Amino acid sequence: MARTVPTSTRIGFTALAWIIALILFSPILWVLLTAFKTEAEAIANTPTFFPQNFTLENFGAVQARSDYIKHATNSIIVSVGSTLIGLIIGIPAAWAMAFAPTKRTKDVLMWMLSTKMMPAVGVLIPIYLIFRDLRLLDTVHGLTIIMTLINLPIIIWMLYTYFKEIPVDILEASRMDGAELWNEIVHVLVPMAVPGIASTLLLNVILAWNEAFWTITLTSGRAGTLTAFISSFSSPQGLFLAKLSAASLLAIAPILLMGWFSQKQLVRGLTFGAVK
Amino acid sequence: MATAQTRTLSRVMMAPAVLVLLIWMIVPLVMTLWFSFQNYSLINPMMTGFAGWANYLYVIGDPSFTQSLVNTLILVGGVLAITVIGGTLLALLLDQPIWGQGILRIIVISPFFVMPPVAALIWKNGFMHPGYGMLGHLWKFFGLQPVDWFNQYPLFSVIVIVAWQWLPFATLILLTALQSLSEEQREAAEMDGANAVNRFRYIILPHMARAITIVILIQTIFLLGIFAEIRVTTGGGPGYASTNLTFLVFRTGILSNDIGAGSAGGVVAVILANIVAIFLMRAVGKNLDA
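Residue numbers (this note's numbering), protein chains in the order written: chain D, 2 to 277; chain L, 24 to 313.
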C-alpha cells in the first residue's frame with residue numbers, strides 16, 4: 002500500500018528523483034546521441050542536443066577501423082563459454098552443498114568466496130608467464146579458462162542460494178517413490194532449479210562481458226574482446242568523438258539490454274542471496 | 024539421514040569445483056611468492072638467482088610504492104564514501120511515492136552495466152576534456168575556465184568515474200533492502216511521533232545495516248582491483264599520481280618486464296587485500312548468521 006502524501010510533496014520528490022537520475026544517465030545519453038552525429042558536430046563549440054545531420058557512417062567506420070564483429074564474437078564466446086563451463090562444474094557442487102550439507106559446507110562456501118578476495122594482480126605475473134609458455138596468450142580458449150575460474154565462486158554461491166530454497170521434502174518424496182538419482186535430477190530438481198540457473202547464467206554473462214583486467218592484459222590483436230576493442234580507442238583524440246561514441250554504443254548496448262531485463266535478479270545474485 | 028553413499032556422491036560432485044579452485048588459488052600464488060625472491064627480469068636474462076628480500080626492499084623502498092598504497096586507500100575509501108552515502112540518500116528518495124518509479128530504477132541502474140573502459144573513455148573524452156567535453160562547455164557557460172581534469176586532479180577524476188559506475192549498484196541494493204522494511208513498522212514509528220531524522224536513525228538505518236555491510240564488502244573486492252579505468256585514462260600518471268597497487272604491479276611486472284619486483288608487489292597486494300578481507304568476512308559472517 003502506498004503511503005499517502007500531499008501531491009505537492011509528491012511532485013517535488015518526483016522532480017528531484019528524475020533530475021538526479023537523468024544526471025546519472027547523461028553519459029549514456031551522450032553516447033547514444035553523439036554516435037549519430039558527424040565528427041564536426043560532435044566537437045562543435047556550441048554543442049547540439051539531437052543530431053542535426055543524422056548519420057550512420059560512424060558505425061561503418063568503427064567496423065572498418067577495429068573490426069567490431071570479430072571482437073564482439075570473441076566477447077560472446079568468452080562470456081557465454083566461461084559461464085556454461087562454470088555451470089557444468091558449479092551445478093553439481095552447489096547441488097551437493099544445498100541438499101547434502103555437512104558440518105564443513107559453510108566453511109567450504111566461505112573458502113570459495115575468499116578466493117574472490119585474492120586480487121587478480123597477485124597472480125597476474127605467473128598467469129602471464131604460464132600463458133606465454135603454453136602459447137595461451139591472446140587466445141580465446143585461454144581467456145575462457147581464466148574467466149571460468151574467476152567467476153566460478155560467484156556461480157556456485159548464486160546456485161547454492163537458489164537451490165537451498167527448493168523444499169527438500171519434494172526430493173524426499175520422489176526418493177520414496179523409488180526414483181533413481183538421475184530421474185530425481187531431471188524430473189524434479191531441474192524444473193525447480195531452472196529459474197535460478199537462468200539468472201545465474203545471465204548475471205555471469207554480464208560480469209564476464211564487462212571484465213576488463215584479464216581481457217586487457219592477456220590479449221592483443223586476435224583474441225581481444227570488446228573491452229580490448231574499446232581500449233584501442235583510448236589514444237587518438239580530436240575528430241574522434243562520434244566514432245568513439247559509436248564504438249561505445251556497440252560495446253555496451255547488448256549487455257545494457259540484458260541488464261535491464263535481469264535487474265530484479267541482479268540484487269539477489271550480486272549479494273549472494275543476502276539481500277532479496 | 025545422509026547415508027554413506029550420498030556422502031560419497033556429494034563429495035564426488037563437489038570434487039571438480041574444489042579441485043579447480045584449489046589449484047587456481049595455490050599454484051599461481053606459490054609461483055608469485057617464488058618469483059618475488061628471485062632475480063628475474065625479462066629484459067636482462069643474465070640476472071638470475073636467489074634475491075632474498077631485495078625485491079621487497081626495492082618495491083617498498085621506492086616512493087612510487089607508498090604513493091600507490093595511499094592512492095589505493097584514497098580510491099577505495101573515496102568511492103565507498105560517495106557510493107554508500109549517495110546510494111543511501113538516493114535509495115531513500117526513490118522509495119518515496121514518486122511517479123515513474125519503475126523506469127527510474129532502470130535508468131539509475133544503467134551505468135552499472137557499462138564496461139569499465141567505455142565508462143572511462145566517455146568521461147575522459149565526452150565530459151572531462153577541457154576543449155570539447157560537456158563539463159568544459161558547462162564551465163564556459165558559467166564564464167569559468169574549463170578544468171583539465173586528468174592533469175590537474177588525476178586521482179579525483181578516476182574516483183568520479185568509478186563512483187559513477189558503482190553508485191547504481193549501491194542504490195539498487197539499498198533500495199531493495201529499504202523496500203523490505205515493513206510498512207507497519209514505519210507507520211507505528213510515525214504514530215509514536217518519531218520525526219524523520221529519528222525514524223531514519225532508529226528504524227531505517229538498523230534495518231539497512233546488513234545491506235550496507237554487503238555493499239561495502241562486494242565493492243571493496245572490486246575496487247581494490249581497479250585497473251581499466253586507470254589504463255585508458257591517465258595511464259597511472261602524471262608520474263604516479265593515479266597509480267594504485269594493481270596498476271603499479273602491472274607497470275613493474277608487465278610493462279617494465281621486472282618479474283621479481285612485480286611479484287613482490289603482487290605479494291604485498293595480496294597481503295593487504297587479505298587484511299581487508301579478514302575484517303570484512305568477519306563482519307559479513309556475523310551479519311549473515313543473524
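Where a beta carbon is used, it is the ideal one built from N, C-alpha and C, also for glycine.
From a predicted model like this one, the values you see are computed outputs, not experimental measurements.
Residue i touches chain D at which residues, Cβ-Cβ below 8 Å?
i: PRO139(L); result: ASN211, ALA213 and THR228
i: MET48(L); result: THR116 and MET119
i: ILE282(L); result: ILE126 and LEU130
i: ASN67(L); result: Correct list: empty, because the minimum Cβ distance to chain D is about 16 Å.
What do you get for residue i, buried or exposed, if any count of 16 or more other CB atoms within 10 angstroms of its CB means buried?
i: PHE270(L); result: buried
i: GLY143(D); result: buried
i: PHE164(L); result: exposed
i: PRO120(D); result: buried
i: LYS38(D); result: buried
i: LEU271(D); result: buried
i: ARG128(L); result: buried
i: SER203(L); result: exposed
i: TRP57(L); result: exposed
i: ALA3(D); result: Bear in mind that the predicted position of ALA3(D) carries a pLDDT of just 48, short of 50, making it unreliable; the figure below should be weighed with that in mind. ALA3(D) is exposed by the Cβ-count criterion.
i: ILE152(L); result: Looking at the sequence shown, residue 152(L) is not Ile but His. It counts as buried.
i: LEU190(D); result: buried
i: SER94(L); result: Inspection of the sequence shows that residue 94(L) is occupied by Asn rather than by Ser. Looking at its Cβ environment, which holds 16 or more other Cβ atoms inside 10 Å, ASN94(L) is buried.
i: TYR155(L); result: buried
i: ILE86(D); result: buried
i: ASN184(D); result: exposed
i: ALA313(L); result: Low local confidence applies: a pLDDT of 42 at ALA313(L) is under 50, so the model's placement there is unreliable, with the coordinate-based value given in what follows. When all chains shown are included, ALA313(L) counts as exposed.
i: GLU58(D); result: exposed
i: GLN28(L); result: exposed
i: ILE198(D); result: buried
i: VAL53(L); result: exposed
Going by alpha carbons, who is nearest to residue i out of the options?
i: ASN54(D); options: GLU40(D), LYS244(D) and LEU190(D); result: GLU40(D)
i: LEU268(L); options: LEU56(L), PRO51(L), MET69(L) and VAL82(L); result: VAL82(L)
i: THR55(L); options: PHE302(L), ASN297(L) and GLY285(L); result: GLY285(L)
i: TYR161(D); options: GLU173(D), VAL195(D) and LEU137(D); result: VAL195(D)
i: MET113(D); options: ASN78(L), ARG222(L), ILE249(L) and PRO39(L); result: PRO39(L)
i: LYS147(L); options: VAL6(D), PHE234(D) and LEU251(D); result: PHE234(D)
i: ALA45(D); options: GLY149(L), THR29(L), GLN124(L) and LEU92(L); result: GLY149(L)
i: ALA73(D); options: ARG105(D), LEU271(D) and LEU251(D); result: LEU251(D)
i: ARG105(D); options: ILE132(L), TRP122(L) and SER33(L); result: SER33(L)
i: ARG222(L); options: ILE235(L), ARG233(L), ALA232(L) and GLN208(L); result: GLN208(L)
i: PRO86(L); options: GLY262(L), GLY123(L), VAL299(L) and GLY276(L); result: GLY262(L)
i: THR103(D); options: ALA300(L), TYR63(L), THR31(L) and ALA193(L); result: THR31(L)
i: VAL32(D); options: VAL6(D), LEU208(D) and SER246(D); result: SER246(D)
i: ILE294(L); options: SER115(D), ILE29(D) and THR47(D); result: SER115(D)
i: GLY100(L); options: ASN62(L), VAL181(L) and MET214(L); result: VAL181(L)
i: VAL206(D); options: TRP183(D), GLY260(D), ILE157(D) and LYS165(D); result: GLY260(D)
i: SER279(L); options: VAL183(L), ALA251(L), THR29(L) and TYR63(L); result: TYR63(L)
i: PHE273(L); options: GLN264(D), ALA97(D), ILE128(D) and PRO28(D); result: ILE128(D)
i: VAL43(L); options: THR47(D), LEU208(D), ILE146(D) and SER9(D); result: ILE146(D)
Per DSSP, which residues does residue i bridge with? Please list them.
i: SER64(L); result: ASP281(L)
i: PHE73(L); result: GLN61(L)
Against residue i, what residues of chain L qualify as contacts under a CB-to-CB distance less than 8 Å, listed in chain order?
i: TYR129(D); result: GLY276 and ILE277
i: TRP183(D); result: Those do not exist, as TRP183(D) stays about 12 Å from chain L at its closest Cβ, beyond 8 Å.
Say yes only if the C-beta of residue i is nearer than 7 Å to one or more non-hydrogen atoms of the ligand MG, and no if none qualify.
i: ILE151(D); result: With respect to the ligand MG, the structure shown offers nothing to examine, as it has no ligands at all.
What does residue i reach in chain L if we use C-beta pairs closer than 7 Å?
i: TRP96(D); result: MET36
So with CB distances below 7 Å, who are the chain D contacts of residue i?
i: VAL272(L); result: VAL122 and LEU125
i: PHE247(L); result: Looking at the sequence provided, one finds Leu at residue 247(L) rather than Phe. The answer, in chain order, is PRO120.
i: SER133(L); result: PHE26, ILE29 and LEU257
i: GLY285(L); result: ILE126
i: ILE227(L); result: None at all; the shortest Cβ gap to chain D is about 14 Å.
i: SER33(L); result: ALA97 and ALA101
Name the chain D residues whose beta carbon is nearer than 9 Å to that of residue i?
i: ILE105(L); result: Correct list: empty, because the minimum Cβ distance to chain D is about 12 Å.
i: GLY222(L); result: Going by the sequence as given, residue 222(L) is Arg instead of Gly. Near ARG222(L) there are no residues of chain D at all, since even the closest Cβ is about 12 Å away, more than 9 Å.
i: PHE250(L); result: ALA121, VAL122, ALA213, PHE214, ILE217 and THR218
i: ARG305(L); result: Correct list: empty, because the minimum Cβ distance to chain D is about 11 Å.
i: ASN174(L); result: Near ASN174(L) there are no residues of chain D at all, since even the closest Cβ is about 14 Å away, more than 9 Å.
What residues from chain L crowd round residue i, counting only those whose CB sits closer than 9 Å?
i: VAL195(D); result: Result: empty, since nearest Cβ-Cβ is about 19 Å, beyond 9 Å.
**Request:** Flag this pair as touching only if the stretch 57-66 of chain D and the stretch 80-95 of chain D have three or more C-beta atom pairs under 8 Å; answer yes or no.
**Result:** With a cut-off of 8 Å, the stretch 80-95 of chain D and the stretch 57-66 of chain D do not count as touching, because too few Cβ pairs lie within range.
**Message:** Measuring CB atoms only, is the stretch 143-156 of chain L touching the stretch 255-275 of chain L, in the sense that at least three cross pairs come out at less than 8 Å?
**Reply:** Judged by Cβ distances under 8 Å, the stretch 143-156 of chain L makes contact with the stretch 255-275 of chain L, as three or more pairs qualify.
**Message:** Taking contact to mean 3 or more Cβ pairs, one atom from each stretch, closer than 8 Å, check whether the stretch 93-111 of chain D and the stretch 38-53 of chain L are in contact.
**Reply:** When C-beta atoms of the stretch 93-111 of chain D are compared with those of the stretch 38-53 of chain L, three or more pairs fall below 8 Å, so the two segments count as touching.
**Prompt:** Are there three or more Cβ pairs, one per stretch, closer than 8 Å when the stretch 62-70 of chain L is compared with the stretch 205-219 of chain L?
**Reply:** Judged by Cβ distances under 8 Å, the stretch 62-70 of chain L makes no contact with the stretch 205-219 of chain L, as fewer than three pairs qualify.
**Request:** Tell me, please, whether the stretch 226-245 of chain L touches the stretch 186-198 of chain L by the rule of three or more beta-carbon pairs shorter than 8 Å.
**Result:** Counting Cβ pairs under 8 Å, three or more are found: they touch.
**Request:** Tell me, please, whether the stretch 295-305 of chain L touches the stretch 241-250 of chain L by the rule of three or more beta-carbon pairs shorter than 8 Å.
**Result:** Yes, since at least three Cβ pairs between the stretch 295-305 of chain L and the stretch 241-250 of chain L fall closer than 8 Å, the two stretches touch.
**Item:** Inter-stretch contact at 8 Å, needing at least 3 Cβ pairs: the stretch 172-179 of chain L / the stretch 271-290 of chain L
**Value:** Judged by Cβ distances under 8 Å, the stretch 172-179 of chain L makes no contact with the stretch 271-290 of chain L, as fewer than three pairs qualify.
**Message:** Check whether the stretch 132-140 of chain D and the stretch 210-229 of chain D touch, using three or more Cβ-Cβ pairs below 8 Å as the test.
**Reply:** A contact exists between the stretch 132-140 of chain D and the stretch 210-229 of chain D.
**Prompt:** Are three or more beta carbon pairs between the stretch 143-153 of chain D and the stretch 206-221 of chain D nearer than 8 Å?
**Reply:** Touching, yes, given that three or more Cβ pairs across the two stretches are closer than 8 Å.
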